[in-house]
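With this note's numbering applied, the sequence shown covers 17 to 401.
Every residue gets a Cβ at the ideal spot worked out from N, C-alpha and C, and that includes glycine.
Owing to the predicted nature of the structure, the values given are computational and were not obtained by experimental measurement.
A quick write-up on the structure given underneath.
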Amino acid sequence: MEQHLSADHSTIPATDLVAHSEIGKTFLKMGCLGFGGPLAHVALMQQEVVENRRWIPPAVFAEGLTLSQILPGPLSTKLAIYLGYHLRGLRGAAITGSAFILPAFLMLLGLTALYFRYGTLPAVAGVFRGITPVVLAMILLSCYKLGQQSATSWIQRVILLACAIAVGAFSISLPLIFAMSAVVGVLLSETLRKRWSGGNSLMILLPLPLLGQLGWFFLKVGSLIFGGGLVIVPFIEKEVVTRLGWLTHREFLDGLALGQITPGPVVITATFIGYKVAGLAGAFVATAAIFLPSFFLIILAAVFLRSRQKSPYLQAALGAVNPAAVGAVLGSFWSLAKVPFGEWFGVAWFAVSLIAMQWLNISFLRMLAVGSLIGVIAWLIGAAT
Numbered sequence: 017m018e019q020h021l022s023a024d025h026s027t028i029p030a031t032d033l034v035a036h037s038e039i040g041k042t043f044l045k046m047g048c049l050g051f052g053g054p055l056a057h058v059a060l061m062q063q064e065v066v067e068n069r070r071w072i073p074p075a076v077f078a079e080g081l082t083l084s085q086i087l088p089g090p091l092s093t094k095l096a097i098y099l100g101y102h103l104r105g106l107r108g109a110a111i112t113g114s115a116f117i118l119p120a121f122l123m124l125l126g127l128t129a130l131y132f133r134y135g136t137l138p139a140v141a142g143v144f145r146g147i148t149p150v151v152l153a154m155i156l157l158s159c160y161k162l163g164q165q166s167a168t169s170w171i172q173r174v175i176l177l178a179c180a181i182a183v184g185a186f187s188i189s190l191p192l193i194f195a196m197s198a199v200v201g202v203l204l205s206e207t208l209r210k211r212w213s214g215g216n217s218l219m220i221l222l223p224l225p226l227l228g229q230l231g232w233f234f235l236k237v238g239s240l241i242f243g244g245g246l247v248i249v250p251f252i253e254k255e256v257v258t259r260l261g262w263l264t265h266r267e268f269l270d271g272l273a274l275g276q277i278t279p280g281p282v283v284i285t286a287t288f289i290g291y292k293v294a295g296l297a298g299a300f301v302a303t304a305a306i307f308l309p310s311f312f313l314i315i316l317a318a319v320f321l322r323s324r325q326k327s328p329y330l331q332a333a334l335g336a337v338n339p340a341a342v343g344a345v346l347g348s349f350w351s352l353a354k355v356p357f358g359e360w361f362g363v364a365w366f367a368v369s370l371i372a373m374q375w376l377n378i379s380f381l382r383m384l385a386v387g388s389l390i391g392v393i394a395w396l397i398g399a400a401t
């Protein structure tokens, strides 16, 4: 069950480091393609940086996924920051985090401006009917590959399966699952066995100017996001609609919908809220504030792991928590699949996408484009009949 953390960058020759521009382009592209929610983003990153480019070892990716699920904040954003930190330190983390968020921010900013000017949303139902099964197929393939890499012993496989059932069937909270997995990993570790055998409500808003209140509010929200952005949505709605009166209920629902149809994490809805409250400056402040805690927390966790990389107990805990993280993703897959699997089109297109990407080596991007087209055609046929 031993897992090995990555070596410090001081041991890596400069010529072997990936160029900052290449990192930025890659994560910018993933930010543009990041439809389908955090699990889709995880699958996309795994395919791009582990499988295709081989920038990140599987074990390091698994550790990043584990930390990203344990710490508060948007899952995929934290993972992007962690990967950037592993590649090029703090500058790499800033590049990957910013590049991954930027496309969603700019797209939502444009849609928000159109919304408040014309009061309408673009018709996207058909597009997402076609791309959702493709995204689900990619998530399942990613779980399979990550499971092969992180669950190499029978104990780790049992942990993975148990966590998948705990999340998918019983909705047990992730912090509890990871804590229990870590304890099991340490208790079953070889180091401990040898030792035993040897006898041995958010704070009240401060009376700050409007931009300050906006930033302070979303800083605290960004520090409380456990289990994905959708978990914190009811709280945000209560605060910004009922208590603060920044948005109407209808505006909040429309802003949430816009956040879901754009790439990137759903908490990018902060851009919509910030724009309504204080225009362009408000959009920048709200977006920066909700993602800032993720940056600092994931960097601190990465630094801690490096400083304790020789600890046998930490390695044993990670050896159990890493497959638990994969199991949690797999468990969430089933809840995401309920809607598209409720009709024959979703099931059929999921099966086709799975076969095309796994056995015919057709890229996710191409399947996404085809799925969008097929979804629109199916939607038009349904609207005409």
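List the endpoints of the continuous alpha helix (DSSP H) containing residue i.
{"i": "residue 37", "result": "36-48"}
{"i": "residue 60", "result": "54-61"}
{"i": "residue 235", "result": "226-238"}
{"i": "residue 371", "result": "360-374"}
{"i": "residue 82", "result": "74-86"}
Compare the Cα-Cα distances from residue i to each of the options and report the closest residue.
{"i": "residue 119", "options": "368, 256 and 303", "result": "303"}
{"i": "residue 283", "options": "353, 389, 105 and 310", "result": "310"}
{"i": "residue 255", "options": "270, 175, 274 and 234", "result": "234"}
{"i": "residue 374", "options": "99, 159 and 308", "result": "159"}
{"i": "residue 313", "options": "153, 41, 96 and 77", "result": "96"}
{"i": "residue 149", "options": "376, 362 and 386", "result": "362"}
{"i": "residue 106", "options": "262, 354, 264 and 39", "result": "39"}
{"i": "residue 365", "options": "237, 305, 152 and 262", "result": "152"}
{"i": "residue 100", "options": "126, 87, 367 and 72", "result": "72"}
{"i": "residue 163", "options": "41, 36, 37 and 77", "result": "77"}
Report back the beta-carbon spacing between residue i and residue j to the nearest angstrom; my notes put them in contact at under 8 Å.
{"i": "residue 128", "j": "residue 287", "result": "7 Å"}
{"i": "residue 297", "j": "residue 227", "result": "6 Å"}
{"i": "residue 115", "j": "residue 43", "result": "4 Å"}
{"i": "residue 103", "j": "residue 34", "result": "5 Å"}
{"i": "residue 280", "j": "residue 117", "result": "6 Å"}
{"i": "residue 49", "j": "residue 384", "result": "7 Å"}
{"i": "residue 445", "j": "residue 146", "result": "The structure shown does not extend to residue 445, since the chain spans only 17 to 401, so no value can be given for it."}
{"i": "residue 200", "j": "residue 175", "result": "7 Å"}
Just to confirm, does residue i get its C-beta within under 7 Å of one of the non-hydrogen atoms of the ligand HEM?
{"i": "residue 107", "result": "Ligands in the displayed structure: none, and consequently the ligand HEM is not present."}
* Mind the definition here: the segment 123-132 touches the segment 290-300 only if three or more C-beta pairs lie below 8 Å; say whether that holds. => yes
* For the segment 314-324 against the segment 76-90, are there 3 or more C-beta pairs whose distance is under 8 Å? -> yes
* Asked: Is there contact between the segment 45-61 and the segment 91-100, where contact requires at least three CB pairs shorter than 8 Å?
  -> yes
* To do: Kindly provide the ranges of any alpha helix (DSSP H) runs that are 4 or more residues long and lie completely inside the segment 279-304, ordered along the chain.
  => none
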